[in-house]
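Numbering (the numbering used here), first residue to last: 148 to 549.
Input: a single structure, listed below in structure tokens.
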């Protein structure tokens, strides 16, 4: 037997070593191909041609139906300006930097509501709304209380829409409902929390995120630098003239909660250390998806955008958290993001402080995973066929020499 193998190798050495070399090249190529598909490649820096070209987008809301957007943009030469650009490229200024530059600088949020309007505020006791080509003013100055609006949430019912305002009352934050255009009294107690954002959870129930600063050293931190901790609050308000009530507060270890995103019937809270998933039955589940911003795409998947330099990109949908390895690091320090069509557009600055737009193709997620599986299967089948052919050929040669 040994003599047969020796003779085979001596007589067929050239062909055998050529076959082995080709098989080795196949193995190396297959390894590179499989490794390449482990990286998410559906992202790129965009050469901006829209009206916000060259400016820093600080707030943006995309309009899926019209294919346009409303944005607050800052440029060093013109300052802040706010405008809407439609799918045809027609620009309508809300605050022209040449006329009302100071007004645009007062905009602290832009939010798209369930009914399609985009709301924002620039003055105390006032909320502005963009609906189609009209700007509507909700004026709450008819009573002797002053507050500024920091955020808004709507709950759309079968016969009416309930609206809850997150307000700044002096140096602290609170909540007010709106009934027939009239705000309710402010919520009487905030448990020492500075609230940042609010969202509707279900009928009569609202969720807010904020930051709690303990008294000096009360939580074990240094008395000189008390630790601020992220907070989730549950607020009850049934859309009537009664004051909203803070039902309970959940405090978490560290970091900051910075916004909400929707995934089907679940609310997702983005956080710098950990994020949260809030179910329809009020269950709160922490998930290991730290991010600088969480944004929903048009299919209801939530994308967790990490800080500048991150090499991973996490997504959440249908109860499943996935972490994708990027082929290159995240190139943007996020200021805001939004979804339109098949893309998530992330705005901010690059490592040198220049405005940048980084876009993610949401269809690349499934295609990359499917491609990897296909290449894995192809590699196994091809490798198996080659090995079988080599073994068959060797056996036939041995039989001929026997």
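Just so it is clear, CB atoms sit at the ideal spot from N, CA and C, and this is done for glycine as well.
Note that the coordinates shown come from a computational prediction; the quantities given were computed from them, not determined experimentally.
Suppose contacts are defined by Cβ-Cβ distances below 8 Å. Is residue 301 in contact with residue 334 by that definition? Contact: no.
So, do the stretch 438–449 and the stretch 409–425 have three or more beta carbon pairs nearer to each other than 8 Å? Verdict: yes, contact present.
Contact test: residue 333 Cβ vs the ligand FAD heavy atom, cutoff 7 Å: As for the ligand FAD, it is missing from this structure, which has no ligand bound.
What is the DSSP secondary structure of residue 315, reduced to helix, strand or coil? Here residue 315 carries a strand assignment [DSSP, helix/strand/coil].
Please classify residue 542 as buried or exposed, where buried requires at least 16 neighbouring CB atoms within 10 angstroms. Exposed, since its Cβ has fewer than 16 Cβ neighbours within 10 Å.
Determine whether the beta carbon atoms of residue 242 and residue 257 lie at a separation below 8 Å. It is not a contact, given that the beta carbons lie outside the stated cut-off.
Could you check how far apart the C-beta atoms of residue 425 and residue 492 are, in whole angstroms? I think they sit under 8 Å. Contact between residue 425 and residue 492 does not hold, since the beta-carbon distance rounds to 25 Å and is not under 8 Å.
Pick from 392, 394, 360, 484 that is closest to residue 406, judged by C-alpha positions: The shortest Cα separation from residue 406 among 392, 394, 360, 484 belongs to 484.
Note down the Cα distance separating residue 515 from residue 490, rounded to an integer number of angstroms. A caution first: residue 515 carries a pLDDT of 46, below 50, which makes its placement in the model too unreliable to give a value.
Three-way DSSP call (helix, strand, coil) for residue 260 in this model: Residue 260: coil per DSSP, three-state reduction.
Spatial neighbours of residue 225 within its chain, please: C-beta separation below 6 Å, excluding the five flanking residues on both sides. These residues qualify, in order along the chain: 244.
Residue nearest to residue 132 in terms of C-alpha spacing, selected from 234, 230, 204: Because the chain here runs from 148 to 549, residue 132 falls outside it and cannot be looked at.
Find out if the Cβ-Cβ distance for the pair residue 460, residue 468 is shorter than 8 Å. Taking 8 Å as the Cβ cut-off, residue 460 and residue 468 do not qualify as a contacting pair.
Considering only C-alpha positions, which residue in the set 511, 510, 506 is nearest to residue 194? It is 506 whose Cα lies nearest to the Cα of residue 194.
Residue 223 classed as buried or exposed, judged by whether at least 16 other C-beta atoms fall within 10 angstroms: With fewer than 16 other Cβ atoms within 10 Å, it is exposed.
Determine the DSSP secondary structure at residue 356, reduced to helix, strand or coil. Looking at residue 356 - three-state DSSP - the assignment turns out to be strand.
Output needed for residue 397: all residues of its chain with C-beta closer than 6 Å, excluding positions within five of it in sequence on either side, in chain order. Around residue 397: 379.
Can you name the start and end residues of the beta strand (DSSP E) that residue 277 belongs to? 273–278 is the span of the beta strand (DSSP E), which, as asked, contains residue 277.
For the beta strand (DSSP E) that contains residue 443, what are its first and last residues? Here the beta strand (DSSP E) through residue 443 covers 440–443.
If you draw a straight line from the alpha carbon of residue 384 to that of residue 354, how long is it in whole angstroms? Roughly 11 Å between the two C-alpha positions.
Identity of the residue in 478, 231, 414 nearest residue 278 by Cα: Closest option to residue 278, Cα to Cα, is 231.
Those runs of the alpha helix (DSSP H) which lie wholly inside the stretch 192–262 and span at least 4 residues: List check, alpha helix (DSSP H) in window: 248–251.
Buried versus exposed, by CB contacts within 10 Å (16 or more), residue 475: Exposed, because fewer than 16 other Cβ atoms sit within 10 Å of the Cβ of residue 475.
Helix, strand or coil for residue 532, going by three-state DSSP, please let me know. Helix at residue 532.
So, under 8 Å CB-CB, residue 573 and residue 409 are touching, yes? Tell me the CB distance rounded to an integer number of Å. Nothing can be reported for residue 573, as the shown portion of the chain is limited to 148 through 549.
Bounding residues of the beta strand (DSSP E) (the contiguous stretch that carries residue 287): For residue 287, there is no enclosing beta strand (DSSP E), since its DSSP letter is neither H nor E.
Starting from residue 409, trace the beta strand (DSSP E) in both directions and tell me its first and last residue. Run containing residue 409: 404–410, per the beta strand (DSSP E) assignment.
With distances taken between CB atoms, is the gap from residue 386 to residue 328 smaller than 8 Å? No. Outside cutoff.
So which of 313, 250, 330 has the shortest CA-CA distance to residue 286? Among 313, 250, 330, the Cα nearest to that of residue 286 belongs to 330.
Alpha-carbon to alpha-carbon, residue 356 and residue 345: Rounded to whole angstroms, the separation of the alpha carbons of residue 356 and residue 345 is 7 Å.
For residue 432, the first and last residue of its enclosing beta strand (DSSP E): According to the DSSP assignment, residue 432 belongs to the beta strand (DSSP E) that extends over 431–434.
Please confirm whether residue 315 and residue 393 have their CB atoms less than 8 Å apart. Contact check for residue 315 against residue 393 fails: the beta carbons are separated by 8 Å or more.
For the beta strand (DSSP E) containing residue 509, list its first residue and its last residue. Per DSSP, residue 509 is not a residue of any beta strand (DSSP E), being assigned neither H nor E.
Taking C-beta to C-beta, are residue 479 and residue 500 nearer than 8 Å? Going by C-beta atoms, residue 479 is not nearer than 8 Å to residue 500.
Please state whether DSSP places residue 542 in a helix, a strand or coil. Correct three-state label for residue 542: helix.
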